[in-house]
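Contents: one structure, followed by commentary.
2 protein chains.
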Amino acid sequence: MSKVITPQEEDYSKWYNDIVVEADLADHSAVRGCMVIKPHGYAIWEKMQQALDKMFKDTGHVNAYFPLFIPKSLFEAEEKNAEGFAKECAIVTHYRLKSDPQNKGKLIVDPEAKLDEELIVRPTSEAIIWNTYRGWIESYRDLPLLINQWANVVRWEMRTRLFLRTTEFLWQEGHTAHATREEAIEETKKMLEVYADFAENWMAVPVIKGVKTPNERFAGADDTYTIEALMQDGKALQAGTSHFLGQNFAKAFDVKFANKEGKLDHVWATSWGVSTRLMGALIMSHSDNNGLVIPPKLAPTQVVIVPIYKGDEGLKKLAEVAAVIKAKLQQRNVTVKFDDRDSHRPGWKFAEYELKGIPVRIALGERDLSNGTVEVARRDNLTKEVVKIDEIETYIVNLLEEIQSNLFKRALERREQMSHQANTFDEFKKILDEKAGFVYAHWDGTSETEEKIKEETKATIRCIPLNNKQEQGTCIYTGKPSTQRVLFARAY
Amino acid sequence: MSKVITPQEEDYSKWYNDIVVEADLADHSAVRGCMVIKPHGYAIWEKMQQALDKMFKDTGHVNAYFPLFIPKSLFEAEEKNAEGFAKECAIVTHYRLKSDPQNKGKLIVDPEAKLDEELIVRPTSEAIIWNTYRGWIESYRDLPLLINQWANVVRWEMRTRLFLRTTEFLWQEGHTAHATREEAIEETKKMLEVYADFAENWMAVPVIKGVKTPNERFAGADDTYTIEALMQDGKALQAGTSHFLGQNFAKAFDVKFANKEGKLDHVWATSWGVSTRLMGALIMSHSDNNGLVIPPKLAPTQVVIVPIYKGDEGLKKLAEVAAVIKAKLQQRNVTVKFDDRDSHRPGWKFAEYELKGIPVRIALGERDLSNGTVEVARRDNLTKEVVKIDEIETYIVNLLEEIQSNLFKRALERREQMSHQANTFDEFKKILDEKAGFVYAHWDGTSETEEKIKEETKATIRCIPLNNKQEQGTCIYTGKPSTQRVLFARAY
């Protein structure tokens, strides 16, 4: 194998980058902090989109599309939101280039084409959407409004990493409007459940559901719910958030509705999103030193058949058998690729598909043919088995399910092993430095303490888990009384 | 019906705008020239995307995603392309806002956060993609590269119209790389066929396939192929283009490959795209004074069932029958909605679904129930029929096919009626002013003549049709000899 992946143990960060680049998921681009999502990476993202989109529609949401640009005056209307994003905005100031009189063939910004009002490239779309909702909502009959958007957004990040933190990224953002506070909170929680369901049952990534502390809330939200996953290196990754926005945006953009009694009130809002960051979570949950591992439900190709043959005649015979296997599997909704390229040797192909994370590989040799068998290799645990061709479709269908659940089980076990309780600040720091992972600890509930712990340890409160066990204790930092442990970790 | 559509005969342009806004397809936004695509409009666009995406994949293409921004130095590398788009570019010059010291709560662009190199918001992605391809292509083994991208693009238009010409729009852009000129030309033509197939068999919009004159070529292309549709008012609409880019971008971005003999050569390129402009073509091909008409294959909801009842008990009985009909139709892959809202009367619902273009409406009344029948109304020709419930699913499946083909037939007949031949310039002008439509006329083949005809009549050469009949003639404008008629029209 010519492509070399740095082992995890040697340098986790480099391992991650090697997987992303060598498995053809994404690459750096000529634009600072922006990535190119390569076909293999994009195909996985498309599978994620399809699954999520169906879940959104099944819960009554529809898609729409709002402008990329936000006029500055709208952007600044909701003050907390504006303040939260102001420092990381790409800003369009001009709308025309012209020939450079000093430099033939070159272009310069035309100073005469300066915009009267600057346009912000959306870092999130609450402002433009709530400005639009004002025209769409008059009475309770127009509510709820349950809208989602698939889009690109831009946040000017100083330190970027492929998928995890890029200047431009792809995401979906749901923006809903409700007649009551209760209904909006219910929606916020419902979408958190959808995200948790997707993370666990599609990505095979176990997550902790919880509420963010005020410090870690989305700018402009009254409450932020989150799902938190734990990566192999013991760092947490925020995988999706769902925000209860109260009436903040309705007030900023003057969006009112008449209730059944004809009384006017401001509308209640939620927003929720997941992004291409999920690709990072997927990679860092399952992959190994041989490359990417994709859960079968998100694999663009679930099974690859590689023929091992000599000469055209040999290939022809194998191709016939492969076609039968492929057809049988496709009937069971398995996506199969038969790689009969003569430009690469079987060993090269084995390594390539291993690197790219294809869940199951079927090797089809001339000797097998006479025995009526094939060799089936699993990507998740790298084991092989000889299987009768007659029984192949049932075997593969079961195997794909087995791999999907095994990946989840493995990730869950790892998370449990890496989840700790700390009762003193020394213990807390020791765990972070020596074991990493999630640390459940008592906290006095103040932002000051949270910030001091962060300064001293780089660990943040990932969330206050939902349905958290109530127990008496004392804050690890200040010793003040506390009624529950919260979830700390160093995070991506 | 409270929503009023201006009749076509009164003001075609206003009629179009009314349909777009009142049928909830799109609306103007707070951002100059940018639209909001509303849920009903977006659902139709999604159906288009799904059909096109499958066609692209069936012809061997894969999706990927490239950055929104293009550094100015890359943008200007292919000179003709840069020149073609320079005057309509949104330009990012800064990456941060800060509090306005003069005006509490307001933000200003932070002058210290000026970019060293400006970023162009992509008007099309050849530059960033070919700069990326340089790193992906080394030898003939890496070719062909058959990549498509679904994305938003920005072109700063001075006069905008919903869907037809907006500053930001959604599209797909295919960008392929090939080892030979012949293969690239073949790809260019293949994708033109895909577009024509989609326009005619999904949108029910007949198109003329042809080649653009050098004047009308895509900036940076050696040849531009197009499909041209004719709208109800006799104006042409360019519905999709496929470009043979020669080696222009490979040369500008230094993209070379080693052939089988190890010799280096520049790569051959194509690009091709369709956009949300197709929504405009769809609307202006089929809709009428009652509202939108959607071809069944692109209708998010194909059939709506409206109950006509008195009291809860009445609704309950009808709901049971509706559920059976719905289930039967869904089994035949028909998308059905049962509208049992008690907030609106049946008459209001009839008008609403007519306005929104739902192909088939089933009215389910208590009297019908006792007869075992329902009333089925077609949106395309507004006729109604009483149908036995026992036979409903076969009837509806056939009816949807019938509507799909009727819409195409109707549009084709209209186009034929509006297609003319002109042999003199006077005749040419008279047809344009009195009849409008397509005009086939002889042209001397020069850009000068083309431009003069455009100046004097506002008509442009839409294309030189593929497999055009060769015949001797004289140019309508200069009288010079010509060997074929080309297709003229006033256009959107």
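Protein sequences, first through last, are from chains A and B. Using this note's numbering, read the first sequence as starting at 1 and increasing by one per residue. Using this note's numbering, read the second sequence as starting at 1001 and increasing by one per residue. Note that the Cβ used here is the ideal one computed from N, Cα and C, for glycine as well.
Would residue i and residue j be called neighbours here (beta carbons separated by less than 8 angstroms)?
i         : j         : result
A:Asp339  : A:Ile305  : yes
A:Arg379  : A:Glu401  : no
A:Ala51   : A:Phe169  : no
B:Thr1270 : B:Thr1213 : no
A:Leu192  : A:Tyr225  : yes
B:Glu1216 : B:Thr1394 : no
A:Gly437  : A:Gly234  : yes
B:Thr1180 : B:Cys1034 : no
B:Lys1098 : A:Ala196  : no
B:Ala1064 : A:Ile37   : yes
B:Trp1171 : B:Ser1275 : yes
A:Leu364  : A:Val321  : yes
A:Arg221  : A:Phe257  : It is Ala, not Arg, that sits at residue 221 of chain A in the sequence shown. Not a contact, by the Cβ cut-off of 8 angstroms.
A:Glu76   : A:Ala82   : yes
A:Gly174  : A:Trp268  : no
A:Phe350  : A:Arg367  : no
B:Tyr1492 : B:Met1231 : yes
Which same chain residues, not among the five before or five after residue i, have their C-beta less than 6 angstroms away from its C-beta?
i         : result
A:Ala229  : Val205, Val207, Leu237, Ala239, Ala281
B:Val1092 : Leu1119
A:Ile325  : Ile392
A:Lys190  : none
A:Val486  : Trp443, Ile461, Ile464
A:Thr449  : Tyr477, Thr478
B:Pro1359 : Pro1296, Ala1299, Gln1302, Arg1379, Ile1403
A:Ala323  : none
B:Ile1129 : Phe1066, His1175
A:Ser242  : Thr188, Met191, Leu192, Tyr225, Trp272
A:Asn468  : Gln484
B:His1286 : Val1293, Leu1407
So, at 7 angstroms on beta carbons, what are the nonlocal neighbours of residue i in its own chain, with the 5 sequence-adjacent residues on each side left out?
i         : result
A:Lys146  : It is Leu, not Lys, that sits at residue 146 of chain A in the sequence shown. Cβ neighbours of A:Leu146 beyond the five flanking positions: Gly60, His61, Val62, Thr176.
A:Lys388  : Gly372, Thr373
B:Leu1315 : Pro1307, Tyr1309, Asp1340
A:Asp254  : Arg134
B:Tyr1012 : Asp1233
B:Lys1003 : Glu1022, Leu1355
Beta-carbon within less than 8 angstroms of residue i's beta-carbon, same chain only, minus the 5 sequence neighbours each way: which residues are those?
i         : result
B:Lys1384 : Glu1375, Val1376, Ala1377, Arg1378
A:Leu298  : Ile44, Lys47, Met48, Ala51, Trp202, Met203, Leu282
B:Ile1005 : Trp1015, Asp1018, Ile1019, Glu1022, Asn1289, Asn1290, Gly1291, Leu1355
B:Asp1390 : Gly1372
A:Val140  : Strictly speaking, residue 140 of chain A in this sequence is Tyr, with Val absent from that position. If we look at A:Tyr140 and ignore the five residues flanking it on each side, its Cβ neighbours are Ala179, Phe257, Ala258, Asn259, Lys260.
A:Asn423  : Ala441, His442, Gly473, Ile476
Could you give the C-beta distance for residue i and residue j, rounded to a whole number, given that I count them as a contact under 8 angstroms?
i         : j         : result
B:Val1334 : B:Ile1396 : 6 angstroms
A:His178  : A:Pro144  : 5 angstroms
B:Leu1407 : B:Pro1295 : 5 angstroms
B:Asn1131 : A:Ala30   : 5 angstroms
A:Asp317  : A:Leu369  : The amino acid at residue 317 of chain A is misidentified as Asp; the sequence shows Lys. Contact flag correct, Cβ pair sits at about 7 angstroms.
B:Asn1148 : B:Phe1056 : 5 angstroms
B:Gln1472 : B:Thr1457 : Incorrect: roughly 24 angstroms between the Cβ atoms, too far for contact.
A:Glu79   : A:Phe249  : Going by Cβ atoms, the distance from A:Glu79 to A:Phe249 rounds to 11 angstroms, so no, they are not a contact pair.
B:Gly1347 : B:Val1293 : 20 angstroms between Cβ atoms; not a contact.
A:Ile108  : A:Asp100  : 5 angstroms
Taking only heavy atoms of the ligand FMN into account, decide whether any of them is closer than 7 angstroms to the Cβ of residue i.
i        : result
A:Arg367 : With respect to small molecules bound, the structure shown includes none, and the ligand FMN cannot be examined in it.
Between residue i and chain C, is any beta-carbon pair separated by less than 8 angstroms?
i       : result
A:Phe66 : Absent from the structure: chain C. Protein chains present are A and B.
Flag this pair as touching only if the stretch 1162-1180 of chain B and the stretch 1067-1075 of chain B have three or more C-beta atom pairs under 8 angstroms; answer yes or no. no
Taking contact to mean 3 or more Cβ pairs, one atom from each stretch, closer than 8 angstroms, check whether the stretch 272-288 of chain A and the stretch 247-264 of chain A are in contact. no
Under 8 angstroms, with one C-beta from each stretch per pair, do the stretch 122-129 of chain A and the stretch 149-158 of chain A reach the 3-pair mark? yes
Would the stretch 1028-1044 of chain B count as touching the stretch 1318-1332 of chain B if we require 3 or more Cβ pairs under 8 angstroms? no
What ranges does the alpha helix (DSSP H) occupy inside the stretch 1012-1057 of chain B, keeping only unbroken runs of at least 4 residues that lie completely in it? 1012-1022
Should the stretch 1441-1459 of chain B be regarded as contacting the stretch 1469-1482 of chain B, the criterion being three or more beta carbon pairs within less than 8 angstroms? yes
In chain order, which continuous runs of the alpha helix (DSSP H) of length 4 or greater are located wholly inside the stretch 189-263 of chain A? 248-252
Please go through the stretch 93-180 of chain A and give each complete alpha helix (DSSP H) segment of 4 or more residues, from N-terminal end onward. 126-136
Segments assigned alpha helix (DSSP H), at least 4 residues, entirely inside the stretch 1364-1397 of chain B: 1366-1371
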